[in-house]
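A.B. asks: Dropping the structure in here first, questions after.
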């Protein structure tokens, strides 16, 4: 299986990644190799088999939406990001 | 025997008798790290101040009679588990300087138990890999043979235990990341039943597989650590509501009548002869201890590996979308617009293996391919779960190798991701099924260059069978 340049471009866009020119060939063939490997699954008879998205036998449980930490929200917002006067600073990203 | 070489049970006894203090143990462990870690490279961060603070708290607990099995015991934490105020990097440039503002549930539990965290251990970047070589921040060597990988992704945690740089370590296992490095380094590693250890504060890789567990020197130690970290936690929506956490209950009990299956598919082509021989020797030991050993068949494992890689890449591509240059950590310089902010940050912040898995994940999730890959893999998962359930009607547990080979040389497979992936063949079925499985050291294999490399066997049980797995593993351990 081959991965053409256009498909790789689309994938890069979906992933919000650039593909450095020096990695393009190796990456392309490595992805193609994995996709070929994945195709082993096509031989499997899965007619009528339910897909498993998750193993845990859980049902969605709703609870009251109550805050349980006073500082966590603010600390979280400011952790590991650049901030000034309690506000997050970002580079200008809109025209 | 030095403190650093002792297991949890022996250290706890000395602490209880006041023959040593938690502070002295912390100092001793930090010394061991200073002496050894230059060669091993198990730690990314050594948290000396934090360790002494926790040691003093432990000494207070010992004094006022509130100490438990782990009070004062020095341990290491994998660097994808949040530790408030101690950087949590996932071995990635993306989070190189990220300081969590909260503790993971596991961190909280260990702090409350009085355990003393020495630092954070190296790993494959975002836990994606099987040798710890995809770390952007350091190289870890196998303590048994320095030219060899420690395994991965919890390679730093396994190496830290094996090199006596901590009494126990915490790892995470998405497709074998606790068990395989445990096997490569010669320590005990448990991947518990999915949902029994909270993932709150574990940086997500593939959420439907990720599970935290302990790496230790002995089986009993392992059960004690799991007892401390396992609980229901409302902050993890996949945390199970009710289950028994008395994991050491059956240790020391006779194995008579226990039925252990040896699935023949795990002993076929691609399995190193030393690995097959050592695991079969372990089977004989278990038989001597009273278990009934029988060959069985699990043909469904043949499609476990492709199904696992489809699903884990898909989940990773979604989970890692949050690293956008805005919310966490690294941000690229010289940005002109929003698209560039995302793309430059992610391209520069993520290493090659992480980017490869994100691209693959987006491929299998994209319109037109979803049914052929993603849905098909989910259906394969269902079939594998059924096949395991069928086998567990006849057997209490299954005995298999942990990895097809012993540790390989650093650099040997790092440029061949497919070859690396094939090494996960024995461990990923467990994660697809959400099952518990333990890796137990069972001997050494001699490499051509004279290196002696540890080998482990794996016991796989049905959900919630940890106590039985520990029972069998401890019976083996005490007979060796």
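Residue numbers (the working numbering), protein chains in the order written: chain A, 690 to 784; chain B, 29 to 508.
We put the beta carbon where it would ideally sit given N, CA and C, even for glycine.
Comparing alpha-carbon positions, which option in 195(B), 320(B) and 280(B) lies nearest residue 505(B)?
C.D. replies: 280(B)
A.B. asks: Less than 9 Å between CB atoms is the rule here; does residue 691(A) satisfy it with respect to chain C?
C.D. replies: No chain C is part of this structure, whose protein chains are labelled A and B.
A.B. asks: Alpha carbon to alpha carbon, how far is residue 750(A) from residue 488(B)?
C.D. replies: 31 Å
A.B. asks: Output, in chain order, the set of chain A residues within a Cβ distance shorter than 9 Å of residue 345(B).
C.D. replies: 703 and 704
A.B. asks: Check whether chain B comes within 9 Å of residue 756(A), counting only Cβ atoms and requiring the distance to be less than that.
C.D. replies: no
A.B. asks: Nearest-angstrom Cα distance between residue 485(B) and residue 323(B)?
C.D. replies: 16 Å
A.B. asks: Name the DSSP beta bridge partners of residue 200(B), please?
C.D. replies: According to DSSP, which records beta bridges pairwise, residue 200(B) is partnered with 240(B).
A.B. asks: Here's the rule I'm using: 16 or more other beta-carbon atoms within 10 Å means buried, otherwise exposed. How should residue 386(B) be labelled?
C.D. replies: It is buried - the Cβ of residue 386(B) has at least 16 other Cβ atoms within 10 Å.
A.B. asks: Am I right that residue 160(B) and residue 142(B) are in contact with their C-beta atoms under 8 Å? What's the rounded C-beta distance?
C.D. replies: So it is not a contact: roughly 29 Å between Cβ atoms.
A.B. asks: Which full runs of the beta strand (DSSP E) of 3+ residues lie inside the stretch 284-355 of chain B, going along the chain?
C.D. replies: 287-291 and 320-324
A.B. asks: Taking the continuous alpha helix (DSSP H) assigned at residue 457(B), which residues delimit it?
C.D. replies: Start and end: 456-461.
A.B. asks: Buried or exposed: which applies to residue 448(B), given that a residue is buried once 16 or more other Cβ atoms fall within 10 Å of its Cβ?
C.D. replies: buried
A.B. asks: According to a CB-to-CB cut-off of less than 7 Å, which residues of the stretch 734-757 of chain A neighbour chain B?
C.D. replies: Here the close residues are 735, 738, 739, 740, 741, 742, 743, 744, 745 and 747.
A.B. asks: Check the Cβ-Cβ distances between residue 765(A) and every residue of chain B, and say whether any is below 9 Å.
C.D. replies: yes
A.B. asks: Helix, strand or coil for residue 721(A) per DSSP?
C.D. replies: helix
A.B. asks: Return yes when the Cβ of residue 100(B) is within less than 9 Å of the Cβ of residue 86(B), no when it is not.
C.D. replies: yes
A.B. asks: For residue 716(A), return the contacting residues in chain B, with the cut-off set at a CB-CB distance below 7 Å.
C.D. replies: 384
A.B. asks: Taking the alpha-carbon of residue 507(B) as reference, which of 316(B), 249(B), 213(B) and 155(B) has the nearest alpha-carbon?
C.D. replies: 316(B)
A.B. asks: Please decide whether residue 771(A) counts as near chain B, where near means a Cβ-Cβ distance under 9 Å.
C.D. replies: Closer than 9 Å to some Cβ of chain B, the Cβ of residue 771(A) qualifies, so yes.
A.B. asks: For residue 745(A) and residue 453(B), I'd like the C-alpha separation in whole angstroms.
C.D. replies: Here the alpha carbons of residue 453(B) and residue 745(A) stand approximately 23 Å from one another.
A.B. asks: Specify the secondary structure class of residue 148(B) as computed by DSSP and reduced to three states.
C.D. replies: strand
A.B. asks: For residue 429(B) versus residue 483(B), is the C-beta distance shorter than 9 Å?
C.D. replies: For residue 429(B) and residue 483(B), yes; Cβs fall inside 9 Å.
A.B. asks: Leaving out the 5 sequence neighbours to the left and right, which residues in its chain are closer than 7 Å to residue 219(B) when beta-carbon positions are compared?
C.D. replies: Sequence-distant Cβ neighbours of residue 219(B) in its own chain, meaning closer than 7 Å and more than five residues away, are 201, 206, 207, 239, 241, 458, 464 and 465.
A.B. asks: Taking Cβ-Cβ distances shorter than 8 Å, what residues in chain A pair up with residue 390(B)?
C.D. replies: In chain order, 700, 703 and 704 make up the part of chain A whose C-beta sits under 8 Å from the C-beta of residue 390(B).
A.B. asks: So, are the CB atoms of residue 82(B) and residue 145(B) less than 9 Å apart?
C.D. replies: yes
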